[in-house]
Amino acid sequence: MNHLIDLTKEVQEALENNKPVVALESTIISHGMPYPQNVEMAKKTEEIIRENGAVPATIAIMDGRIKVGLTEDDLELLAKEGRNVTKVSRRDLAEVIAMKTLGATTVASTMICANLAGIKFFVTGGIGGVHRGYEEHMDVSADLDELGKTDVVVISAGAKSILDLPRTLEYLETKGVPVIGYQTEELPAFFTRESGLKLASHFDTTEDIAKVIKAKHDLGLEGGTSVVNPIPEDEALDKDYINGVIQEAVEQMEKDGVGGKEATPYLLKAIVEKTDGKSLEANINLVYNNAKIGAQIAVDYYKL
Numbered sequence: 081m082n083h084l085i086d087l088t089k090e091v092q093e094a095l096e097n098n099k100p101v102v103a104l105e106s107t108i109i110s111h112g113m114p115y116p117q118n119v120e121m122a123k124k125t126e127e128i129i130r131e132n133g134a135v136p137a138t139i140a141i142m143d144g145r146i147k148v149g150l151t152e153d154d155l156e157l158l159a160k161e162g163r164n165v166t167k168v169s170r171r172d173l174a175e176v177i178a179m180k181t182l183g184a185t186t187v188a189s190t191m192i193c194a195n196l197a198g199i200k201f202f203v204t205g206g207i208g209g210v211h212r213g214y215e216e217h218m219d220v221s222a223d224l225d226e227l228g229k230t231d232v233v234v235i236s237a238g239a240k241s242i243l244d245l246p247r248t249l250e251y252l253e254t255k256g257v258p259v260i261g262y263q264t265e266e267l268p269a270f271f272t273r274e275s276g277l278k279l280a281s282h283f284d285t286t287e288d289i290a291k292v293i294k295a296k297h298d299l300g301l302e303g304g305t306s307v308v309n310p311i312p313e314d315e316a317l318d319k320d321y322i323n324g325v326i327q328e329a330v331e332q333m334e335k336d337g338v339g340g341k342e343a344t345p346y347l348l349k350a351i352v353e354k355t356d357g358k359s360l361e362a363n364i365n366l367v368y369n370n371a372k373i374g375a376q377i378a379v380d381y382y383k384l
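The opening residue of the sequence shown carries number 81 in this note's numbering; numbering runs sequentially from there.
Right, dumping it as structure tokens:
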């Protein structure tokens, strides 16, 4: 165990007793949603994981420490501070710890911290990927490289639909990352269930997915696993509608000169405004669905 990590008693006992633990990121709280929906989402997500037999471990950087498992006060602080909190990816992790800055972990840094703590499973909303217009600015999320080298199973609703999904899937294939569909034969596109991109691997039960992950671990194969779980059908947004909204938001972002790690928060906020909150509601519901399925996969894995 890394000396910079602080575990809550609940998480520590679960790890010591070989019980399923599911990591959660904190950028979705600080940068992904407005207050108070963000803190309500964070608490309910943890509750869903517990209801499905696993222990939740939300991760953040506080006072120079990697905190694995947060108190209600910690969640409230991140939620209220919002974008004043530093968004921490791999490149930022050492600096934020050294300077004792308040930091929220992205998919990439949550994977790193979870792996350091010995946590195998991580639930999020959507992963980052190759940004639209890649041929001009080569903007690729650090999430993809992290999936290529850090052995954590990431359960999501696919890559965020603001991204270039064909290039994102191709990048993961190049890195040798298994992308496994849960009850879907195609890559889900975050707000919608379909993208038109076929997956090489898909299963109808969490038990079968757990078996594949166990075999991967037994083989000692490096890198992570991406399990993609589509948003529930009754919560999904119309594909043409949301794609039109996203295109408008991307064009405005380019006019405003926003890029890098500010691009995703900018676009998600713009999309919430343009959809009158429909995208926020969909985002929250897909996180809850991922928490349920992620916890079930973790529980099935620890039965093997």
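The beta carbon of each residue, even a glycine, is placed where N, CA and C say it ideally should be.
Note on residue 111: 16 or more other CB atoms within 10 angstroms of its CB, so buried under the neighbour-count rule. Residue pairing by DSSP places residue 104 opposite 138, 203 in a beta bridge. DSSP places residue 272 within a strand segment (E or B) once states are collapsed to three.
For residue 373, same chain residues with a beta-carbon under 7 Å away, outside a window of 5 residues either side, are 235, 262, 286, 309 in chain order. Within the segment 209-283, the complete beta strand (DSSP E) runs of at least 3 residues fall at 233-236, 259-262, 281-283. In the assembly as shown, residue 89 is an exposed residue. Its beta-carbon has fewer than 16 other beta-carbons within 10 Å. By the Cβ-count criterion, residue 246 is exposed, with fewer than 16 other Cβ atoms from all chains shown falling within 10 Å of its own Cβ. Within the same chain, and ignoring the five residues on either side of residue 382 in sequence, the residues whose Cβ sits closer than 6 Å to its Cβ are 100.
The secondary-structure analysis by DSSP pairs residue 183 across a beta bridge with 141, 166. Out of 192, 158, 205, 161, the CA that lies nearest to the CA of residue 363 is found in 205. The shortest CA-to-CA distance from residue 311 to any of 322, 368, 331 is the one to 368. Between residue 350 and residue 162, the alpha-carbon positions lie close to 16 Å from each other.
A straight-line Cα-Cα distance of about 24 Å links residue 241 and residue 171.
The beta carbon of residue 252 sits closer than 6 Å to the beta carbons of 259 from its chain, once the five residues preceding and following it are set aside; these are given in chain order. According to the DSSP secondary-structure assignment, residue 306 is paired through a beta bridge with 234, 259. A distance below 6 Å between beta-carbons, with the five flanking residues on each side excluded, links residue 197 to the following residues of its chain, in chain order: 85, 148. Contact between the segment 130-148 and the segment 181-201 is established, with three or more Cβ pairs separated by less than 8 Å. For residue 86, the enclosing beta strand (DSSP E) starts and ends at 85-87. Per the coordinates, the alpha-carbon of residue 339 lies some 8 Å from the alpha-carbon of residue 333.
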